[in-house]
Amino acid sequence: MTPYKKSKPAMALAATSTHHKQRLCVLLLGTLFTETIWVNPVLAQTVANPAKPAVSTTSNAEKPAAAKPAPVTPITPAKSENKPENKSEDKSNSKPDAKPASPPEAEAPTVTVTAERPSNRIDRQVYDVKSDVSSTNGSAADALNNVPSVNVDPDGTVSLRGSTKVQILIDGKPSAMLQGDNRAATLAAMPANDIESVEVINNPGAQFGNEAGGGPIINLVMRRTRQPGGFGVINANGGSAGRYNTALSGSYHEGAWGIQGGVNFRHDGRNSVGEAVRDRLDGFSTTPHNTQTSSAKGLNNSSGLNAALTYNLGAKDTLGANFAYNARNNDQQSEDHYQSYNVDRSLFSDYVRTSQRKGDSTSYSWGARLDHKGDISGENLKLDLRVSSSENESVSNYANVYAVKPAFISDRYNLQDSNSNVRLVDFTGDYERPHDDGLIKLGYKIADNKSEFDTAYFDINPVTNSQTVNASRTNRYSLDEGNLALYGSYQMRINEQWGVLAGLRTEYTHIDIRQLSANVGAKNHYLSYIPSFFASYKLSDDTTLRLSYAHRIRRAGAAELNPFISYRDDLNASSGNPKLKPTQTDSLELGYETRVAKLDVNVRAYYRQESDSIVYRRSFIKNGVVQTVSDNCNIVQTTPDCGILLTTPENGGSSHTSGLEFTLSGKVTPKFSINTSGNLLFGEQTYINTAGQEVHRPSTSLSVRGRFNYQLSDDDHLQLSLNSQGRTVSGEGYRQPNSTANFSYRHNITKSLNLVVNVTDIFNSNKTETQVDTDILKERSIRRYDGRLIYVGFSYRFGGVTPGGGNPRPPRG
C-alpha cells in the first residue's frame, strides 16, 4: 500500500522556469559572438593584428614537443615551463598539435614513449599518475591520494591543503557525476588507469568558471592516445572479502579517424564501525548525555563504459565526440545503538535502529567539439558542448526496537523513498591568437545546472503494516542555476626571464529555487567580476619563481540551499539555507621551483582570505524548531522530532589560511626514487556562537607524505606510500590527525603481462575522528573503516602495430 505518489519535479518546473527562452537566446548570441570574431576579418584585426607575422613566444629549450608521447614519471611534477602557451587550457579541447613556430632543428626527429611530460604551467602544477605501480587495480580516489596536498578520506571527502571546498573537473569541464553525493562514489568507481595526469590549480585563471562549487580546482586529465594503429590493455584484480574489479581499454587510429574507449566493472566498498559520545550544555534537556555506536556494511557493484571519436576534416579542422555511462547499486545495511542518560547518569533509554537500503544510481555524459586552426600559427577556435546527468534512487527501511524504553514509547517502523537528479549543460567557446610576443585568449561559457530532489517518508503501523505519509519529513525541491560568463586574458613574455598572464572573467548567475511541497519559491541573480594574475621569473635553466593571484567565488550547492530538514538518524539531522550568499575568496601564492643534484624541489608559500564564509552551525530542535528552555524536551524518544541535533550552513564571519607547501622528488640512485611532499598550514576561523559572542578558532597543521620506489630488477618494482594528515578545522570542531601506509609490488612476467600486488592501510590505522567543543555541545566521534585490504591482479597489453606493418608500440599498463 502506497498512499503517497510522488509527482515528477520536472513537470512542476516546466511551468515555473521562465528564463529558459532567454538562455536559448544567450546561447545563440554566444555562438554568433564567436563566429563573428572568427569570420569577420575587420573585427579580428581589432583583436590582434594579422599583418604581423607570428612570433614564437618560447625559447627552443622551453618549447613543448609537438605531438610527442608523454614521459613516465610517477606522481612527479614536471620541470618548469616558463612561457606563454599556445595550447589549450585543458585536454578536453586538445587536438593533434600544430608544429610550433620555431626553428625546425628544435624538433626531435624521433618518437619515443619515454620522453618527459610537459612541465608545470604558469597557472598550475601537473602530476603524472599513469605509471603508478598501483594504478592497474586502484581507483581515481587512490590516484588522488598520491598527489601532494590532496587527501581523500575513506568516506570520499576530497580536500586540498586542508580545505574541502574543492572543484573537481574532468578534462577541464564540470560533470554531474562529480557533484554533491555523487562525487565520492564516482571517484571510488573510476579506474585510476584511465587517468593520464592530475592538474592542481590552486589559483584558477580567467578561463575557469565558478560553477560546481568554485574554489581551487583538481582537473583529471583522461588518457588520450593518437599513435597510429591499435592496442589495448586488460586488467583483472581480486581483493579481500570478495572484492574484485576488471577493465578493458583500447584505441585505434588510422588516417583521419581515431577511436578509443573502455569498459570496467568493480565490486568494492568500505564497511565501517563508529562510536560517538555527546553532552548537551544548553540546559534544555534532562537527559544531556547520549552515546551511539554504529556499524555499516555493503559491497556494491559499479560498471562503466566510455568512448571517444575524432575525425580530421582537413589540415585545419577536427571534430570530436565522446560518451560515458556509469551504473552502480547503492545497497547498505547498518545498525545504530543509542543510549540516553539522565542528569545523574542513570540509563533512561536503550534501543537499536536498523536500516536496510536498496538503491541504484546511473549517470551519463556526452559531448561534441570542433577545433579549428587559423591562418597563422597559434590561432585556434574551439567550440565544446558537454551534457551530463546523474540520477539516484533508493528505498530505506528503518526499525527502532527498544531494550529499555520510557513510558508511552513503542517500537517504530518507517520507510523512506528518495530520488534525486542532477543535470548539467556546459557550452563553451574559446578563441586564441598570438599577438606580438604574447597570446590573446577570449571565450564564453553558457551553463545550466538543474538539481531535483524528491523524498517521501512513511510511518508504518507494525500491526496492520499500513503506511502513513509523514508530512514533516516528505519534501520535493528543485534548484535551477544558470550561468553566463565572458573572459579575456593576455599572456606574454617580457624578456628571457619574465613571463606574465593576466585575465578577467565576468559571470552572470541566475538561481531559481522551488520548494514544490509547499509551492513556494525564490529567485536571485547577481553579477561577478573575477580577476586573476600570474607571473614567472626564470632565474636559471633549472630555477623559476612563480607568483599568482586569483579572486574566486564559491556558490552554495543544491543541498546547502534546500531548507528541508533531512534526518540522518534519530539524533542527527541537517538542512540547507536558501539565504546563503557566495563566499568571496582572495588567494595569493609565491612558488620556487629548482633542481638540486638529481632531485626536483618545489616550495610554495600561500595565503587565502575568505569573507562570507559558509560555516556549519549546530543547534537542537524540537518538531523542526530550534529548541528553547520552555520546551521541556527530555530526549529524542519523547517525541519523534525532539532534541535532534540539527546541522545547517550559514554565512558566518571570515577565515584566513596561510602555509608552506613543498615537494621533493626524483631519482636518488638509478634504482631508488622518492616523491615526498608536505604542507604546513596556519589558519583561523572567526564566527558568532549562539550566545552572540565572536569566537576565534586558530589551527596549525602539518601533513606529510612520501612515496618510495625501488627497482629490484628490470622486472620487479616495489613501492611504499606513507601519508600523515595533521589536525584540521572541521565545522565547529576539529578533525584529528590520521596516518596510513600502503605497499605495492609489480612483476613483469613478460613484456606484455604484469603481476601487481597492492596492500592498503598496512597497519589498519585509517580512521576519521572529530571533536566538537562549543557553548552548547561537546561531542567526540570516531569512525573506522575496513582497514588492511589486499589486491592481486594482472595487466595484459596487446596490439600496438601501426597499419601497414610498423614497429610495435605496446603501451604501459
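Okay, so the sequence shown: first residue is 1178 according to this note's numbering, each after it adds one. Glycine included, every Cβ here is placed at the ideal spot set by N, Cα and C.
**Report entry** Contact check, G1855 vs V1881, beta carbons under 8 angstroms
**Finding:** yes
Query raised in the report: Per DSSP, G1768 is paired with what?
Result: R1723, R1781
Query raised in the report: Starting from T1363 and walking both ways along the alpha helix (DSSP H), at which residues does that stretch end?
Result: It spans 1359–1366 - the alpha helix (DSSP H) in which T1363 sits, taken as one unbroken run.
Query raised in the report: Does the beta-carbon distance from T1824 to S1907 come in below 8 angstroms?
Result: no
Requested in this report: Would you list the residues sitting across from L1704 in a DSSP beta bridge?
Outcome: Residue pairing of L1704 in beta bridges, as defined by DSSP: Y1685.
Report task. State the start and end residues of the unbroken alpha helix (DSSP H) segment that holds A1320. Result -> 1317–1321
Query - Endpoints, the beta strand (DSSP E) within which A1616 is located - result: Per the sequence shown, residue 1616 should be read as Leu rather than Ala. That run of the beta strand (DSSP E) goes 1615–1637.
Requested in this report: Just the C-alpha distance for T1771 and S1901, rounded to the nearest angstrom, thanks.
Outcome: Spanning the two alpha carbons is a distance of roughly 25 angstroms.
Requested in this report: Could you spell out the range, first to last residue, of the beta strand (DSSP E) harbouring A1501?
Outcome: 1494–1506
Report task. Pull up the distance between the alpha-carbon of I1730 and that of D1607, whole angstroms please. Result -> 22 angstroms
Query raised in the report: Out of curiosity, what's the CA-to-CA distance linking Y1541 and D1603?
Result: 14 angstroms
Query raised in the report: Should S1649 and R1691 be called a contact, given that it needs their Cβ atoms to be closer than 8 angstroms?
Result: no
Report task. Work out the CA separation of N1941 and D1963 for me, nearest whole Å. Result -> Taking the straight line joining both Cα atoms gives about 8 angstroms.
Query raised in the report: In the structure shown, what three-state DSSP assignment does E1556 receive?
Result: coil
Query raised in the report: Hey, how far is the Cα of F1971 from the Cα of T1468?
Result: Looking at the two C-alpha atoms, the distance is approximately 46 angstroms.
Query raised in the report: L1337 and I1347: beta carbons closer than 8 angstroms?
Result: no
Report task. Sort N1626, S1595, Y1621, D1588 by Cα distance to P1639 and report the nearest one. Result -> D1588
Report task. Within the same chain, show all residues whose beta-carbon is closer than 6 angstroms to that of Q1948, passing over the 5 residues directly before and after it, in chain order. Result -> G1910, Y1911, R1957
**Report entry** Beta-carbon spacing of N1387, R1732 below 8 angstroms
**Finding:** yes
Query raised in the report: Are the CB atoms of I1345 and R1360 nearer to each other than 8 angstroms?
Result: Their beta carbons are under 8 angstroms apart, which means I1345 touches R1360 by this criterion.
Query raised in the report: Of the choices Q1437, E1827, V1677, D1657, whose alpha-carbon is the least far from that of T1686?
Result: D1657
Query raised in the report: Who pairs with L1601 in a beta bridge, going by DSSP?
Result: S1565, N1626
Query raised in the report: How close, in whole Å, do the beta carbons of S1609 and I1959 come, if the pair is a contact with beta carbons under 8 angstroms?
Result: For the sequence presented, residue 1609 should be read as Glu rather than Ser. Not confirmed; about 51 angstroms, so no contact.
Query raised in the report: From Y1887 to V1306, what distance separates their C-alpha atoms?
Result: 17 angstroms
Query - Option in K1758, K1848, A1365 with minimal Cα separation from T1334 - result: A1365
Requested in this report: Decide yes or no for the touch test of the region 1592–1599 against the region 1610–1617: beta carbon pairs closer than 8 angstroms, at least 3 of them.
Outcome: no
Report task. Would you mind working out which of R1455, A1485, G1497 sits nearest Y1518, comparing C-alpha positions? Result -> Comparing Cα-Cα distances from Y1518 to each of R1455, A1485, G1497, the minimum goes to R1455.
**Report entry** Residues of its chain near R1301, where Cβ-Cβ distance is below 7 angstroms and the 5 sequence neighbours each way are ignored
**Finding:** E1376, V1377, I1378
Report task. Provide the residue span of the beta strand (DSSP E) that contains L1930, from first to last. Result -> Taken as a continuous stretch (DSSP letters only), the beta strand (DSSP E) holding L1930 covers 1930–1937.
Query raised in the report: Considering only the beta carbon of each residue, do N1660 and E1629 sit closer than 8 angstroms?
Result: Not in contact: N1660 and E1629 (Cβ atoms no closer than 8 angstroms).
**Report entry** Closest by C-alpha distance to I1372, when choosing among L1895, N1483, F1839, G1407
**Finding:** That would be N1483, whose Cα lies nearest to the Cα of I1372.
Query raised in the report: In three-state terms, what does DSSP make of L1482?
Result: strand
Query raised in the report: How would you label S1643, buried or exposed, when you count the other beta carbons within 10 angstroms and need 16 or more for buried?
Result: exposed
Requested in this report: Using DSSP bridges, identify the partner residues of T1470.
Outcome: E1452, H1514
Query raised in the report: Are S1713 and I1299 close, meaning C-beta to C-beta below 8 angstroms?
Result: Yes, Cβ-Cβ distance for S1713 and I1299 is below 8 angstroms.
Report task. Can you grab the Cα-Cα spacing for the pair G1981 / G1407, in whole Å? Result -> For G1981, the predicted structure reports a pLDDT of 38, less than 50, and the residue's modelled location is therefore unreliable. A value from the coordinates is still provided. Each residue's Cα considered, the two are about 12 angstroms apart.
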